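Under the working numbering, think of the first position of the sequence shown as 186, with each following residue one higher. What follows is a single structure, written as structure tokens, with notes after it.
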Amino acid sequence: MLRRLLAETLGMAFLLATVVGSGIAAVQLSGGSAALALLCNAVATGAILVVLITVLGPVSGAHLNPAVSLTMALERRLAWTALGPYVAAQLVGAVLGVIAAHMMFEQPMLQLSTTGRTGPGQWLGEAIATFGLLLTIFGCIARAPKSTPLAVGLYVLAAYWFTSSTSFANPAVTIARSLTDTFAGIAPTDVPTFIVAQMVGAFAAVLTGKALWPGVSPACAARPAPPPKPAGS
Numbered sequence: 186m187l188r189r190l191l192a193e194t195l196g197m198a199f200l201l202a203t204v205v206g207s208g209i210a211a212v213q214l215s216g217g218s219a220a221l222a223l224l225c226n227a228v229a230t231g232a233i234l235v236v237l238i239t240v241l242g243p244v245s246g247a248h249l250n251p252a253v254s255l256t257m258a259l260e261r262r263l264a265w266t267a268l269g270p271y272v273a274a275q276l277v278g279a280v281l282g283v284i285a286a287h288m289m290f291e292q293p294m295l296q297l298s299t300t301g302r303t304g305p306g307q308w309l310g311e312a313i314a315t316f317g318l319l320l321t322i323f324g325c326i327a328r329a330p331k332s333t334p335l336a337v338g339l340y341v342l343a344a345y346w347f348t349s350s351t352s353f354a355n356p357a358v359t360i361a362r363s364l365t366d367t368f369a370g371i372a373p374t375d376v377p378t379f380i381v382a383q384m385v386g387a388f389a390a391v392l393t394g395k396a397l398w399p400g401v402s403p404a405c406a407a408r409p410a411p412p413p414k415p416a417g418s
């Protein structure tokens with residue numbers, strides 16, 4: 186368990202250092218172009234997710250997201266007793282990643298964001314972003330486990346652009362991003378509604394996953410399917 190928690194903590198630290206750090210660098214280098222800054226931020230985030238899931242997946246499952254850990258517990262792929270420690274490790278890692286990004290770019294270690302992200306459109310965007318992310322994970326687990334790192338990275342890269350909220354899709358990431366007053370920030374007052382929207386999207390993904398892949402839950406997908414019975418048996 187300690188090894189798994191270390192993997193989740195390190196993974197989240199690198200993820201948030203990438204999200205926040207690439208946002209700071211993008212603003213500094215993009216010449217005032219918000220579109221270019223967002224593109225740089227999205228590419229860096231998608232790329233690091235491919236790396237982290239590939240490297241840490243065999244250790245902890247590379248959930249890197251409380252919503253993922255919760256749905257895995259619901260699907261009996263993660264023990265309920267491990268859910269609390271997983272979420273705690275993810276939160277600690279996320280905050281450490283934000284601090285590391287600030288230190289690398291010589292900014293105050295902890296800040297409170299002033300970037301407002303609110304309104305029905307953004308809440309819907311978060312619900313859809315989380316729904317799509319979880320559905321991507323469920324589909325890969327059910328049918329193509331080896332493709333999970335690339336599929337998740339590409340989905341997040343796309344969701345940065347097709348969702349109004351730029352796809353936080355992660356409660357721990359949302360909380361940590363409230364502690365940075367940079368390109369990636371979100372005002373603390375807007376965090377609760379984002380998390381509610383993420384949970385709605387996550388539970389919708391669980392139900393949809395059961396409908397799309399009946400009989401193949403994440404809990405049993407890792408086991409090979411039994412051979413077909415002979416005709417007439």
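C-beta: ideal position from N, C-alpha, C; glycine also. A quick note: this is a predicted structure, and the numbers were derived from the prediction, not measured.
Cβ atoms of residue j and residue i: under 8 Å apart, would you say?
i           : j           : result
residue 368 : residue 222 : yes
residue 238 : residue 334 : yes
residue 188 : residue 244 : yes
residue 390 : residue 319 : yes
residue 366 : residue 259 : no
residue 387 : residue 273 : no
residue 314 : residue 344 : yes
Just the Cα atoms here: how many angstroms apart are residue i and residue j?
i           : j           : result
residue 192 : residue 281 : 14 Å
residue 201 : residue 286 : 8 Å
residue 348 : residue 379 : 13 Å
residue 265 : residue 204 : 29 Å
residue 196 : residue 324 : 22 Å
residue 278 : residue 271 : 11 Å
residue 397 : residue 322 : 13 Å
residue 309 : residue 382 : 7 Å
residue 354 : residue 256 : 13 Å
residue 385 : residue 241 : 27 Å
residue 217 : residue 316 : 32 Å
residue 214 : residue 224 : 12 Å
For residue i, is the classification buried or exposed, using 16 other Cβ atoms within 10 angstroms of its Cβ as the cut-off for buried?
i           : result
residue 377 : exposed
residue 311 : buried
residue 230 : buried
residue 294 : exposed
residue 302 : buried
residue 186 : exposed
residue 305 : exposed
residue 219 : exposed
residue 394 : buried
residue 356 : buried
residue 400 : exposed
What would DSSP say about residue i, mapped onto helix, strand or coil?
i           : result
residue 263 : coil
residue 371 : coil
residue 421 : Since the first and last residues shown for the chain are 186 and 418, residue 421 lies out of range.
residue 248 : coil
residue 365 : coil
residue 351 : coil
residue 330 : helix
residue 307 : helix
residue 254 : helix
residue 231 : helix
Mind checking which residues open and close the alpha helix (DSSP H) that includes residue i?
i           : result
residue 199 : 187-214
residue 388 : 376-397
residue 334 : 333-347
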